[in-house]
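There are 2 protein chains.
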Amino acid sequence: MANLKQVAERAGVSPATVSRYLNGSLSLPEPTREAIENAIRALNYHPNPFARSLSRGRTDQIQMVVPEIKAPFFAALVAAVENAAFERGQELAISVTLNRPGREQRYLDSVSDRHVDGLIFVTNHPEVAPLKSRIDAARRVVLLDEDVPGATAPRLFCDNDSGGYLAGQYLARHGHRAIGVIGTGDEMHSGAARFQGFSRALDDSADGGYRVHRKTGSYTIEDGSRLCAELLDEHPGITAIFAMSDELVIGTLDELARRDLRVPDDISIIGFDDILPLDYFATPITAIRQPVEALGAKAVEILLNTDWEDPAACSRVEILPVTLVERSSVASVPPAPQATVQHESNR
Amino acid sequence: MANLKQVAERAGVSPATVSRYLNGSLSLPEPTREAIENAIRALNYHPNPFARSLSRGRTDQIQMVVPEIKAPFFAALVAAVENAAFERGQELAISVTLNRPGREQRYLDSVSDRHVDGLIFVTNHPEVAPLKSRIDAARRVVLLDEDVPGATAPRLFCDNDSGGYLAGQYLARHGHRAIGVIGTGDEMHSGAARFQGFSRALDDSADGGYRVHRKTGSYTIEDGSRLCAELLDEHPGITAIFAMSDELVIGTLDELARRDLRVPDDISIIGFDDILPLDYFATPITAIRQPVEALGAKAVEILLNTDWEDPAACSRVEILPVTLVERSSVASVPPAPQATVQHESNR
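Protein chains in written order, with UniProt numbering: chain C, 1 to 347; chain U, 1 to 347.
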């Protein structure tokens, strides 16, 4: 059966445009309208799959649990899951845990209790051990974005390791040999993998040795400012900073502005996420882009298509590729030959 | 009883910091930690009100329905409601309607069916007439951000009229007399009120007459580009644009960049919402700021404190003030004496 995406492709518009047109929230020029209507007829597309599922006598409801909703990455991830769920005729209930373990556990239990058909679960704090048994009991849980080690569930991550590698390689090729890294620590899947890839890239590409100074905290604006300040106070010789989230980029920019340091003339920055409109920034920020639309679509697909009786399927890990979006926040520096210490990490 | 905010004030940190500290998701320096613990003791604050309500044998659950979640304003509004609900010991279920009337109606019905204690309802499409009877039946519904005319429900809006007035007055005082406006049309509460305030300000402040060219659509990046292009094609003499949302600002900037027009040298912009990090933009954008935190807190307060048996309370309208955040996107222009047409609006 034709889906919304095929209609959109045939009509030469985005799926969101077709979706909005169908629900009446978008006024379109006549030729666009006509192209969509023609595509719907040609493909025999039936919009409103939700109404169909109601007529089958049951509600297809899935749930998504996120730690917060204001951070652009999570807002975009929820929106991507919402769009994918909509296309599959699924209604999505969204809950925010603020990383409180009690809330996380209760939502997981709601799957065990069969109140929802399945759950896409996102957490981003390190104390996840108690969640393992709840996830095992719940089944029909997809772990997205961060890991809960040991839990039996399909997992979907972006390629954090490659993202770190791309960032490290890019800085090394631009001559940087004394670099600050701010992000989460190794207790978080994303922080560990991004830093591991980053370090490997410097080993591969930074001729003449390098020094990396790592500061860890959470993915927040406040920690971006705080960790950037610590880096600059303790290691004034750094020429670049790898900030592992959009919020950390903002916090870093704030701290650099307070010290009248210009990007990239005085110091270079490379970010991660690329959900904020970094293109429009005073210095457009080079960043590793998370495949947020693909993550949302794939998470819904895994939740709906997994055979939950199959142990192999329930331990599958999918990794989606990231890309480096080059803008103007990294300058080339002449490599100084002094740096020979391999690397140093301090919390 | 002391609340989280009072603890935060006494400790000299943000409520979010206290909240994150309490749920263990934030590592803090020892002095900050101590300040929070002292404040908790001094105020006899009991964190985790949710656990208390569970011990009373019922779940305090409220629902929030929003048209979408990716737009920064809605993400911020949901986060603000989430924080306020958390402080009041309420669990929040969030649903996205993508403006589909079927979804909106079903969520409203879930209040009538007593599945949730109350609903904060946000819509942003014009065909809301069918929702009126559902809202009347549901009761315990707070209308937030946009109106459903005729429905019996307390309403909470930002001061759209004053926001429009501030924008118009600011442009007029900077000498602008030929201005483009892009936003929603009069069928939407926000678009109507913002434009009304804007026009009144020009009547009050634009000596020598003015011309306003209005283009209407939805609050999206795509419509920002499209409406900006129409404005520039049809009215090349405009010196400023009032773009009624963050997304419309982004779309406008895209279109101006395609035409190699610089802000504010070639054309001035003033925006609305101010949720995106406009401070960091190449030209920091002057904008009317929505009181999004206050809107979230007040919406939860109205939902929980309204006496639903009292007709006066159920028709109360609350308006929260907006502010103009001055940055660098509006230039002063010498007022040209030619403009005498009062104003012109075309869709």
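Beta carbons are placed, not taken as given, at the ideal position from N, Cα and C, and that holds for glycine. Note that the coordinates shown come from a computational prediction; the quantities given were computed from them, not determined experimentally.
Within chain C, the residues Glu68, Ile69, Lys70, Val96 and Leu98 have their CB atoms less than 9 Å from the CB of U:Glu82, given in chain order. In terms of CA proximity to U:Pro321, U:Leu295 leads the group U:Asp310, U:Cys314, U:Trp308 and U:Leu295. Between U:Ser110 and U:Glu301, the alpha-carbon positions lie close to 21 Å from each other.
In this chain, C:His174 is not harboured by any beta strand (DSSP E), its DSSP state being neither H nor E. Closer than 8 Å at the C-beta level to chain U, one finds these residues of the segment 270-281 of chain C: Leu276, Pro277, Tyr280 and Phe281. Note: C:Leu156 is bridge-paired with C:Leu144 and C:Glu318 in the DSSP secondary-structure output. Identification of chain U residues near C:Ser19 by a Cβ-Cβ cut-off of 8 Å yields Leu98, ordered along the chain.
For U:Pro154, same chain residues with a beta-carbon under 8 Å away, outside a window of 5 residues either side, are Val142, Leu143, Ile302, Thr306, Ala313, Cys314, Ser315, Arg316, Val317 and Glu318 in chain order.
Linking C:Leu166 to C:Phe198 through their CA atoms gives a straight-line distance of about 7 Å. At a beta-carbon threshold of 8 Å, the residues of chain U lying near C:Leu253 are Tyr280, ordered along the chain. Following the DSSP letters along the chain, one finds C:Val111 inside the alpha helix (DSSP H) bounded by residues Pro101 to Ser112.
Residue burial is scored here from C-beta neighbours: U:Arg173 has fewer than 16 other C-beta atoms within 10 angstroms and is therefore classed as exposed.
Residue contact with chain C for U:Arg103: present (Cβ-Cβ distance below 9 Å to some residue of chain C). Within 10 angstroms of the beta-carbon of C:Lys215 lie 16 or more other beta-carbons, which makes it buried.
Non-local beta-carbon contacts of U:Ala240 in its own chain, meaning distances under 6 Å to residues more than five positions away in sequence, involve Leu171, His176, Ile179 and Ser268 in chain order. Put simply, the segment 224-231 of chain U does not touch the segment 273-286 of chain U. Fewer than three CB pairs are less than 8 Å apart.
Contact check for C:Ile275 against C:Ala75 passes: the beta carbons are separated by less than 9 Å.
Secondary-structure assignment with DSSP links U:Phe281 through a beta bridge to C:Phe281. Nearest CB-CB separation between C:Ala35 and chain U: not below the 9 Å threshold. The distance from the Cβ of U:Leu304 to that of U:Arg134 is about 21 Å, inconsistent with a contact at the 8 Å cut-off.
Membership of C:His213 in the beta strand (DSSP E) is indicated by the continuous run Arg211 to Thr216.
The beta carbon of C:Phe121 sits no closer than 9 Å to any beta carbon of chain U. Pairing U:Gln63 with U:Ile120 gives a Cβ-Cβ distance under 9 Å. For the options U:Ala93, U:Asp246 and U:Leu156, the alpha carbon positioned closest to that of U:Leu278 is the one of U:Asp246.
A direct Cα-Cα distance of roughly 18 Å separates U:Val128 from U:Ser95. Checking the DSSP bridge columns, you'll see C:Met64 partnered with C:Ile94 and C:Ile120.
Annotation for U:Asp273: no alpha helix (DSSP H) segment contains it, though the beta strand (DSSP E) segment containing it runs Ser268 to Asp273. Residue pairing for U:Leu227: DSSP places it in no beta bridge.
Listed in chain order, the positions of the segment 194-218 of chain U with a beta carbon within less than 8 Å of a beta carbon of chain C are Gly217 and Ser218. Between the alpha carbons of U:Ala80 and U:Tyr107 lies a gap of roughly 20 Å. Listed along chain C, the residues sitting closer than 8 Å to U:Ile250 by beta-carbon distance are Pro277 and Tyr280.
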